[in-house]
Structures are given as C-alpha cells and as structure tokens.
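Some notes on the structure that comes next.
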Amino acid sequence: MSENPEPSKGSTPNVEGAEKVNKPPVKKGWSNPALRMMGIPKISLPSRNWMIFWTLLASVGGGVAYDRYQQKQIRKKWMEKFEPLGEEAYRTDRIPRKLSVFIAPPPNDYLDSSMVYFRKYVKPLLNASAIDFDVFTENRQGDIRAAVAERIRELRIETNENAKKAQEEAKQEQYDASWTKFFKKDVPNFFTLKFQSNSKEDEALVSSNDLYSPKDVLGLYYLKEPIDAKRDDELNPMEAGGVICIGRGAYKEYMTGVHEGLLGPLEAPEEVRTITEVDPQVTENEPETAHNDNESKAVVELPVLPTDDLPADSVDKQDAVPETPSETAENTPNAEEGDNEKPVPKPFITPDEYPNATYAPEFQNVSLIMNKKNVPVIFEQPVYVFPLPIVSGFLNTHRKLYRFFTKRNVADDYGCRTSVVVQNVSRPFVYKDQFMAKEEELEWPKKWVATGKEKNSEWVQELVTDDRVTTRMKVFDVSLAAKSTDKPIDKPTNE
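Quick note: the sequence shown uses my numbering, first residue 3, plus one each step.
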C-alpha cells in the first residue's frame with residue numbers, strides 16, 4: 003500500500019454547496035421583460051423601516067393636505083353665499099358699512115396667533131360681503147380698555163361743551179330780543195352813527211382780474227362741489243356698524259372700557275394720577291401679561307380708534323394710523339420706542355364701584371346716542387366675540403394635534419359666526435351675554451392664570467356688568483342666524 007492514498011470521492015469538499023449556503027437569498031419581486039429591457043429592476047416592497055417612514059409621512063401629509071383642501075372649500079362656500087353683497091354697485095356718494103375689530107394676543111402668546119385666525123377665517127368673508135372694517139390690536143393688557151374708555155370720555159366732554167354753547171346762544175338770543183338791549187345798545191348806536199362827523203370814503207376801484215381768474219369761469223377748469231358721501235350706517239341707524247372682538251380677553255377689555263367711560267369720572271382720580279405721574283417706572287417694568295422673557299421685549303402697538311365719534315380738536319392728538327378698506331396698516335415702532343412707551347393708564351373706576359357710580363348725565367335723557375355723522379356711537383352698536391381655540395402646555399399635546407388636523411371645523415364655525423355679523427342679526431344684551439367665549443378661559447395656562455391673580459390682572463377677574471350700561475347695548479344673535487344659514491343672501495336694493 004502506498005503511503006499517500008488518494009482521497010475517495012465521498013470525502014471531496016463540496017465547494018459549490020458552500021457557495022450556495024453563503025449566498026444571500028434572492029429578494030422576492032415582480033419583473034416584466036419589457037421593464038427589464040429598459041433597465042428597471044424588479045419591483046418589490048421596501049424594507050420594514052422604509053415602510054414605516056413612508057406610511058407615517060403619507061398619513062401626516064395626507065391629513066394636512068386634506069384639511070387645507072377642506073378649509074378652502076368651506077371658505078369658498080361662505081364667500082359664494084356673500085357674493086351678492088359684494089356684487090352690489092356703489093355710487094361715489096355711498097360708502098359701505100364699517101365694523102370695529104378688536105384683537106388681543108392669547109395668554110402667554112404673541113399677537114400673530116390671534117391675527118392668523120382673523121386673516122384666514124373672518125377677513126375673507128368680510129371682504130367678499132363688501133363690508134369695511136378697522137382693526138385695533140394690542141400687545142399689553144389694558145390698551146383696548148383704556149382707548150375705549152378715553153374715547154367715551156372725550157365724547158362726554160364734547161357733549162358738555164355743546165350743551166354749554168347752546169345755553170349761551172339761547173341766552174344771547176333772549177338778550178337780543180329784549181328791551182334792555184334796545185335801550186342800552188341799539189338807541190345809543192343809532193345816534194352815534196347818525197351824528198358821526200367822519201365822512202365815508204369813496205369805494206376803491208378793483209380790477210376784475212383781482213376778483214376772479216379765467217379758470218373760475220371756463221368749463222375746463224370748472225370744479226364741481228365736493229361729494230358728500232354717506233355710509234350705509236347713516237341710512238338705518240338701528241342696523242349700523244358693529245363690534246367684533248377676537249378672543250375673550252379683548253371682549254373683557256372692551257366691556258370694561260365701556261363701563262369705565264360711562265360710569266367713571268371725566269378726570270382721573272387722585273390715586274390714578276399719582277400712580278401715573280409719580281412712579282411710572284413701576285408700572286412700566288411690571289408686565290400685566292405673563293409673557294416670557296422673549297415676549298416681554300415685543301414691540302407694543304397701541305390701538306388707534308376711529309375718529310368719527312370724537313371732536314375735531316381731539317383728532318389731532320391721536321396718532322392716526324392709515325386704514326385700508328380691509329385692514330389697519332401696521333406702523334410698528336422701533337424697539338427703543340417700545341421701551342419708552344407710556345404705561346397703560348389705570349382704570350378710573352373699579353367693578354366694585356359700579357353700583358355706587360353715577361351714570362353719565364350727558365346721555366341719561368337720550369334714547370340713541372349719535373355722532374356728528376348721524377351714526378350710533380360704538381357702544382350703541384352690536385358686539386360679538388370669537389373664541390380663540392388655542393391651547394398650550396405639554397400635557398395638551400394630543401389636543402393640539404387633533405386641532406391641527408381639524409382646522410376645517412374652526413373655519414366652518416367662524417364662517418357661521420361671521421354670517422351673523424354680515425346679515426346684521428342682533429338682539430338686546432342680556433345677562434348671559436357677559437359669558438360669551440367663557441369656554442376659552444378653561445384652556446388658559448394655569449401658571450399664567452395664577453400669576454395673573456397675584457398681579458391682579460384684568461383678564462383673570464370676573465367680568466362685571468351694570469344694567470344701566472348693558473340696556474343700551476346689543477349683541478349679534480347666533481341662534482337666529484344659524485336657522486337661516488342655508489338660505490342664500492339676496493342682493494339688497496338700497497337707493
């Protein structure tokens with residue numbers, strides 16, 4: 003036997019089998035000869051991780067896209083309903099109805115959060131219905147309240163001055179018709195003029211060119227009389243204007259400002275004057291709204307109210323902001339000017355003093371208070387508030403996500419509420435109306451509310467009303483307008 007026998011066939015290593023074992027399995031898929039000729043590989047499902055990624059991305063993207071599409075459709079539905087009002091032809095001597103819109107930032111948030119809801123869900127419908135409006139915003143608590151109260155006080159002062167002038171004119175007319183004036187002034191003046199020695203001078207001749215110019219008589223330069231344009235509010239004072247408050251906070255400040263203007267004194271009390279003049283830095287440095295550090299440095303934009311109800315002298319005192327037919331022009335001051343901004347005036351009267359306060363004597367015997375343009379003043383116009391569906395906090399993440407994907411519900415709800423304002427369906431103010439948008443307070447941050455109570459913030463206090471003031475007020479009635487939601491709006495025929 004040889005020392006090195008040849009290995010048997012059964013003991014030879016199976017190289018081909020080992021290669022098959024180490025080779026990865028062929029991925030399952032579907033292939034087509036035509037696709038294979040074009041260089042397209044086999045069509046197969048992606049891996050598990052890619053499946054999770056694409057499923058999540060498609061779900062989120064599809065949900066957002068569907069919600070935005072529905073918002074556009076809802077907005078289009080309401081705009082088509084108001085289209086007959088927008089197609090109405092206006093002559094040069096006619097101006098559409100005007101609303102006043104007050105917007106305040108949500109608690110512990112920026113003003114832009116509130117402006118988004120107005121610009122997306124309210125403003126397009128007002129523009130479609132050809133309704134003019136003025137927008138007033140604030141970044142500090144108390145700006146709206148102070149502006150509304152100051153406007154009413156100036157209106158009361160103007161009424162007092164007009165009453166005094168009327169009394170003086172009546173006394174002068176009575177004196178002119180009396181015998182006292184006849185014997186004291188008329189008779190002496192008659193003899194003085196009769197025996198006056200000074201002779202009259204000849205009337206000086208004046209050239210015709212000094213009296214008038216050729217363009218005063220030529221048709222090319224003929225100037226027509228100025229057009230006296232009138233608003234629709236003047237035609238029917240009972241359905242004039244309206245007030246919209248975006249947010250419960252803006253509504254509270256508006257109502258408090260109306261009460262302060264009608265029940266409070268015309269001049270600041272000694273306590274308020276002392277706080278404002280002696281120690282203004284304390285009021286400036288103490289933020290009434292519990293914003294964070296970054297928000298406390300935000301630029302302040304004071305509301306500028308319309309001057310229709312104010313005397314001519316007080317118009318120059320205000321910082322006039324140019325208004326477009328749809329929205330206020332944003333004139334934002336510099337950051338340095340925001341730091342030097344005057345503090346918000348303290349209220350002239352507190353809610354505890356309402357029962358003992360005297361109602362404005364200037365308006366006690368007046369059934370409907372009108373301004374110079376024969377339009378009811380702001381607190382005689384209907385008011386309504388739009389609640390802000392904004393939640394904050396980590397524990398409310400699930401609610402944030404749900405509302406983020408269902409903004410179409412907010413668009414439809416705001417559209418229904420805006421139809422109330424457009425159709426001008428109003429009713430007298432009742433006790434329950436002071437709780438409008440009360441549900442919004444349940445979603446305010448608890449820490450912010452606690453801080454506001456410590457600093458005696460206006461927003462966290464209960465809204466107190468007085469019957470002497472609310473009997474003059476009206477609100478837009480949602481219940482009546484909801485019944486006529488499906489009915490088309492007819493084109494008005496105002497001549």
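We treat Cβ as the ideally placed atom computed from N, Cα and C, and that holds for glycine.
Asked, Found
"Uninterrupted alpha helix (DSSP H) stretches inside the stretch 103-165 (no shorter than 4 residues)", "113-119, 125-130"
"Three-state secondary structure (DSSP) of residue 245", "strand"
"First through last residue of the alpha helix (DSSP H) which encompasses residue 386", "Element bounds for residue 386: not the alpha helix (DSSP H) but the beta strand (DSSP E), 384-388."
"Backbone CA spacing between residue 434 and residue 103 [nearest angstrom]", "22 Å"
"Cβ-based burial, residue 56 [other Cβ within 10 Å; buried from 16]", "exposed"
"For residue 232: DSSP bridge partner residues", "96"
"Alpha-carbon spacing of residue 346 relative to residue 453, whole angstroms", "19 Å"
"Residue from 97, 133, 159 with nearest C-alpha to residue 245", "133"
"Interface flag, residue 109 vs chain C, CB-CB below 8 Å", "Any reference to chain C falls outside this structure, which holds one protein chain only."
"Three-pair Cβ contact test at 8 Å for the stretch 369-385 versus the stretch 166-178", "no"
"Span of the alpha helix (DSSP H) around residue 210", "210-213"
"Buried or exposed (CB count within 10 angstroms, at least 16 for buried), residue 128", "buried"
"Local Cβ density within 10 Å of residue 136, reported as buried at 16 or more and exposed below that", "buried"
"Distance CB(residue 119)-CB(residue 265) smaller than 8 Å", "no"
"Meets three-Cβ-pair contact criterion under 8 Å: the stretch 43-54 and the stretch 63-75", "no"
"Residue 262 and residue 351 closer than 8 Å at C-beta", "yes"
"Extent of the continuous beta strand (DSSP E) to which residue 405 belongs", "No beta strand (DSSP E) holds residue 405; the alpha helix (DSSP H) holding it covers 399-407."
"Separation of residue 438 from residue 84, as counted between CA atoms", "25 Å"
"Where residue 294 sits in the DSSP three-state scheme", "The predicted position of residue 294 is uncertain, since its pLDDT is 41 and thus under 50; a value taken from the coordinates is nonetheless stated next. Here residue 294 sits in coil by DSSP."
"Endpoints, beta strand (DSSP E) assigned at residue 499", "There is simply no residue 499 to check, as the chain begins at 3 and stops at 497 in what is shown."
"Pairwise C-alpha distance: residue 392 and residue 49", "40 Å"
"Residue burial classification, residue 255 (beta-carbon count within 10 angstroms, cutoff 16)", "buried"
"Rounded C-alpha distance that separates residue 115 from residue 107", "7 Å"
"Paired residues, beta bridge with residue 187 - DSSP", "None; residue 187 has no bridge partner."
"Euclidean distance between Cα positions of residue 455 and residue 448", "11 Å"
"CA-to-CA distance, residue 58 to residue 44, given in whole angstroms", "25 Å"
"Endpoints, beta strand (DSSP E) assigned at residue 477", "476-478"
"Residue of 117, 47, 125 minimising C-alpha distance to residue 80", "125"
"7 Å CB neighbourhood of residue 462 in its chain, flanking five on each side removed", "451, 454, 455"
"Under the three-state DSSP convention, the category residue 76 falls into", "helix"
"Separation of residue 258 from residue 138, as counted between CA atoms", "16 Å"
"N-terminal and C-terminal residue of the alpha helix (DSSP H) that residue 453 is part of", "448-456"
"Uninterrupted beta strand (DSSP E) stretches inside the stretch 346-391 (no shorter than 3 residues)", "384-388"
"Span separating the alpha-carbon of residue 153 from that of residue 146", "11 Å"
"Boundaries (first-last residue) of the alpha helix (DSSP H) holding residue 433", "Careful: residue 433 lies outside any alpha helix (DSSP H) and carries neither H nor E."
"8 Å Cβ cutoff met for residue 442 and residue 233", "no"
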